[in-house]
Every structure is written in structure tokens, then in C-alpha cells.
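Numbering (full-length UniProt numbering), first residue to last: 1 to 479.
If you want it as C-alpha cells, here you go:
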């Protein structure tokens with residue numbers, strides 16, 4: 001039996017050493033939310049594998065277990081199989097507490113980019129490095145789409161970072177122009193929209209300035225489920241998917257093998273990947289103050305009839321302070337090939353009620369924001385876009401999703417750090433994407449896959465994959 005022949009030690013730290021009853025709280029969250037998630041635009045047509053259990057009985061053991069079936073989990077699985085010797089492929093099990101890819105990946109805006117304001121706010125040395133990384137992620141997604149012929153509406157596009165407040169725009173523009181004068185590489189891929197024509201070029205009413213940046217847009221749900229379908233066809237008997245199978249606890253046995261406890265029994269895994277994002281602290285309690293769940297809001301808008309010309313760019317709109325002078329925030333928009341638009345944000349409407357969104361896992365009907373908050377989306381498109389005043393575009397869906405916030409706004413990638421010990425468990429993670437996972441995950445997943453196959457840590461693959469050093473998870477970064 002697990003742990004029968006040894007005394008408790010650092011390995012048990014992964015369970016409940018920091019937060020008493022953490023396992024119970026995590027189970028309570030999952031039981032309450034398991035089958036009640038609000039649907040999203042991306043999930044309107046569930047994939048045939050949405051509730052897949054490759055085998056009726058949970059496997060007793062596997063070579064690699066991956067917890068999480070969103071983009072992080074499935075792309076990591078893909079690269080583990082691509083990297084492993086063809087004649088010695090690891091037996092791989094992907095588990096998810098709910099339906100396949102029904103979490104943040106299937107609830108986001110569907111575009112991969114890094115905003116100009118984000119780069120401007122970084123130290124000089126990190127600006128070009130982060131932009132290089134995100135552009136590499138876009139290329140990585142593009143290569144998978146082409147190589148595997150994944151039908152996911154993938155488009156290489158430009159995106160407008162639009163500002164409606166002159167003071168905010170002037171501050172970002174100043175940093176951009178000073179950086180350009182110094183020859184910083186990140187400025188060469190971003191262009192300033194001529195200010196005299198900014199409303200005409202962007203079609204955003206009240207725009208005072210804008211930058212044009214590279215991006216890619218796609219259906220994240222179709223990307224993940226389409227890629228997994230290809231993997232299932234190519235690797236029969238190698239890839240095993242177990243949806244609606246919550247992992248309550250992870251521990252290790254005498255042989256340093258990972259033991260996953262679920263409501264359907266235990267499974268042993270030689271190696272383990274946590275692609276759990278906002279739910280990471282439920283299995284690694286020492287991350288409870290480092291990766292914090294927080295709720296976001298998204299919507300889908302449909303005009304009463306097709307509008308021409310079609311919007312070809314995605315957007316981040318930096319709104320001006322409201323009439324009372326209160327600070328607002330940033331919305332993101334992703335026009336779809338059909339002519340509809342996915343729009344997310346509106347945080348300033350619910351931010352004062354911190355309990356409703358901070359450290360909150362509830363993405364069910366009972367967790368949606370009140371009508372006064374959702375009213376942000378009423379007549380949103382017609383009042384925001386010039387030429388859409390008579391479109392009668394309204395939100396036909398409003399949903400919520402759970403993202404992961406980290407104190408330093410950076411993801412955690414690498415071998416799981418275990419406090420108070422120098423041991424190196426056969427556990428890796430990629431989580432804590434701060435709402436920007438589409439522009440961060442693909443390359444991190446490939447890097448983690450290499451770590452798993454080679455049984456190494458972040459430092460051994462950092463240069464090869466161009467990982468910013470600030471992404472490395474460590475005990476020093478635990479809050």
C-alpha cells in the first residue's frame with residue numbers, strides 16, 4: 001500500500017503540508033462545479049471526444065501522466081510523442097476533471113499576441129526577448145496546424161492596440177519612440193498608426209492613437225481537439241484520455257513513482273506533468289499564494305446581417321477613464337471568419353467586488369457576473385466601431401472563465417520545485433499564464449516535453465527553446 005513502509009518525508013509536502021484540508025477544499029470545488037460550466041462560443045459544438053474515456057477502467061499505471069486537457073496538456077503530450085524514439089514511445093495518459101478542453105483554453109479570446117503596452121512596461125532587456133518568444137509561439141502553432149492539417153480557422157493577422165486616452169497613449173508612444181531610436185529590436189515589428197487617420201484605419205470611435213502588431217487568431221478548442229484526434233489516430237494504444245476524472249491528490253511511493261488518487265481509483269505514473277493553470281494549488285498547496293485563480297468575462301456578438309468590409313484585425317482597446325474620472329481598462333476583440341466577434345474584458349465593472357472574481361473557481365451559472373456588469377456588452381459593437389451603428393449586433397452569448405494570476409505576472413515552467421528539499425521529483429509543470437496563455441503555451445509545452453523525455457530541468461533546455469529566464473519556476477518565486 002502507498003506509504004505503508006516509510007515514514008512521512010518531503011515527498012508528502014505535495015499534499016497538505018502548507019494548507020490543512022487543502023485536498024478537501026479542492027474536492028469540494030470540483031464536486032460543486034463539475035457538470036455546471038457555462039457554455040462558451042468555442043464550445044457550441046462539442047467534439048466527439050468531449051467526454052472520452054479511452055478505457056472504461058482507469059489504467060493502473062503509465063509512463064507519463066498529464067493532468068489537464070487544454071492547450072498546455074495536449075501540446076505537451078504531442079511533443080512528448082514527437083520527441084520520443086519511435087520504437088520506444090511512452091504510454092501516456094491525459095486526465096481532466098471535466099470534459100475535454102472545457103477550461104480556459106475554450107473560454108478565451110482566441111488570439112496570440114503581446115500588447116505594445118506590455119512590452120513598454122518591461123525592462124529594456126526583456127522587451128525584445130519576450131516579443132521574440134511570442135512570435136516563436138505563433139510560428140510553433142502555425143507549424144503544428146500545417147503539419148497535422150488541423151482545421152481551426154488559423155489566420156496570421158495584424159492586431160491593433162488602440163488607445164482612447166491621450167495621456168496613456170502618449171506615455172506608451174514615448175517609450176516606443178525612445179526604444180526605436182536606440183534600435184531595440186521589438187520596435188521593428190510594431191508600427192505606429194498615423195494619428196491623423198487613426199479612427200479611419202482602426203474603425204474605433206474616439207481612438208487617439210494605435211499601434212499595429214503581429215498576431216495569429218484561431219479557434220483554440222478546435223486546435224486542441226483536432227490535434228488530439230490526430231494523436232489518437234496515430235498512436236492507438238499509446239495515448240489514453242480520461243475525461244471527467246478529477247485527480248484529488250498526488251504523492252510518491254517508495255520507488256519515487258508518482259501516485260495519482262482519483263475518484264475512480266489510483267494510477268501510478270513514472271513521470272507527471274501538471275498542465276493545471278488556475279487549479280495548480282489544489283494539487284500543489286505550496287502554490288496557493290503564487291498561482292491564484294481569477295475569473296474573467298467574455299462574449300460573442302452577431303450582427304443582424306453581414307457587414308462589409310469584414311474586420312480583418314484583432315484588437316486590444318485601452319479605454320479612457322469614465323465620466324467620473326474612474327480608471328477603466330482593456331478589452332480584447334477577435335473578429336471571426338463568419339463576421340461575428342468574440343469580445344472579452346470589462347474588468348473594471350466587476351473589479352470592486354473582489355470576492356466575485358479573485359481566488360474564485362466558479363465558472364458555472366451561479367458564478368456569472370450580475371446584469372449590471374454584463375450590461376457592458378449591450379450594443380457594444382455599434383457604439384465602439386464606426387460603420388457598425390446600424391448593425392444591430394448584440395451578444396448572443398456571455399460566459400466566464402477561470403484564469404491564473406501570479407504575483408510577478410509571469411508563468412511557471414519547469415520541474416516542480418519542492419520547498420525545503422533538494423530532491424528532484426519526476427514532475428514538471430507549465431501554469432500561471434495570467435490570461436495570456438495563447439501567446440505563451442506552445443513553446444513552453446515543447447520545452448517541457450523535452451524536459452520530460454530527457455529527465456532534465458529548465459536550465460538544460462532554456463537556450464534551445466528561447467525561454468525567458470523569468471519563466472523558470474523555483475522555490476524563490478513561491479509567494
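Note that the Cβ used here is the ideal one computed from N, Cα and C, for glycine as well.
Quick caveat, the model's predicted, so the values are computed rather than measured.
- With a contact defined as Cβ atoms closer than 8 Å, residue 281 and residue 287 qualify at about 4 Å.
- Runs of the alpha helix (DSSP H) lying entirely within the segment 197 to 232, each at least 4 residues long, are 198 to 202 in chain order.
- Secondary structure note for residue 174: its alpha helix (DSSP H) is the uninterrupted segment 166 to 181.
- Its chain contains 299, 301 and 377 as the residues whose beta carbon lies nearer than 6 Å to that of residue 395, once the 5 sequence neighbours on both sides are disregarded; these appear in chain order.
- Counting only residues of its own chain and dropping the five nearest sequence neighbours on each side, residue 59 has a CB closer than 7 Å to the CB of 93, 240 and 267.
- Uninterrupted beta strand (DSSP E) stretches at least 3 residues long and entirely within the segment 56 to 107 occur at 61 to 67 and 92 to 95, given in chain order.
- The beta carbon of residue 407 is closer than 6 Å to those of 479 in its chain, skipping five residues each way along the sequence.
- According to the DSSP secondary-structure assignment, residue 331 is paired through a beta bridge with 317.
- The continuous beta strand (DSSP E) containing residue 271 extends over residues 265 to 274.
- For residue 476, there are no CB contacts under 7 Å within the same chain when 5 residues up- and downstream are skipped.
- For residue 294, the enclosing beta strand (DSSP E) starts and ends at 292 to 302.
- Fewer than three pairs of CB atoms, one per stretch, sit closer than 8 Å, so the segment 175 to 189 makes no contact with the segment 216 to 236.
- Non-local beta-carbon contacts of residue 371 in its own chain, meaning distances under 6 Å to residues more than five positions away in sequence, are absent.
- Leaving aside the five residues that flank residue 311 on each side, the residues in its chain whose CB is nearer than 6 Å to its CB run, in chain order, 335.
- Between the alpha carbons of residue 257 and residue 61 lies a distance of about 10 Å.
- Closest in alpha carbon position to residue 139, among 431, 332 and 214, is 214.
- Remark: three or more beta-carbon pairs, one from each stretch, lie closer than 8 Å, so the segment 314 to 324 and the segment 161 to 171 are flagged as touching.
- Residue 101 counts as buried, since no fewer than 16 other beta carbons sit within 10 angstroms of its beta carbon.
- If you ignore the 5 residues before and after residue 271, its C-beta comes within less than 6 Å of the C-beta of 64, 426 and 452, all in its own chain and listed in chain order.
- Residue 241: member of the beta strand (DSSP E) spanning 239 to 242, first to last residue.
- Membership of residue 142 in the alpha helix (DSSP H) is indicated by the continuous run 124 to 148.
- In the three-state reduction of the DSSP assignment, residue 192 falls in the strand class.
- Inclusion of residue 472 and residue 434 in the CB contact set at 8 Å is not warranted, their separation being larger than that value.
- Counting only unbroken stretches of 4 or more residues, the alpha helix (DSSP H) elements lying wholly within the segment 368 to 454 are 371 to 374, 380 to 384 and 441 to 454, in sequence order.
- Taking C-beta atoms as the reference points, residue 106 and residue 203 fail to come closer than 8 Å.
- Nearest Cα to residue 355 within the set 329, 133, 339 and 296: 296.
- Rounded to whole angstroms, the gap between the alpha carbons of residue 347 and residue 401 is 13 Å.
- According to DSSP, residue 160 shares a beta bridge with 212 and 315.
- Look at residue 461 here: in three-state DSSP terms it is helix.
- In terms of Cβ geometry, residue 216 and residue 117 do not form a close pair [threshold 8 Å].
- Contact between residue 273 and residue 261 is absent: CB atoms are separated by about 17 Å, not below the 8 Å threshold.
- Here the alpha carbon of residue 76 sits roughly 11 Å from the alpha carbon of residue 224.
- Of all alpha-carbon atoms in 380, 353 and 381, the one lying nearest the alpha-carbon of residue 369 is that of 353.
- With 16 or more other CB atoms across the displayed protein chains lying within 10 angstroms of its CB, residue 152 is buried.
- Taken through DSSP and simplified to helix, strand or coil, residue 258 comes out as strand.
- In the displayed model, residue 114 falls within coil according to three-state DSSP, outside both helix and strand.
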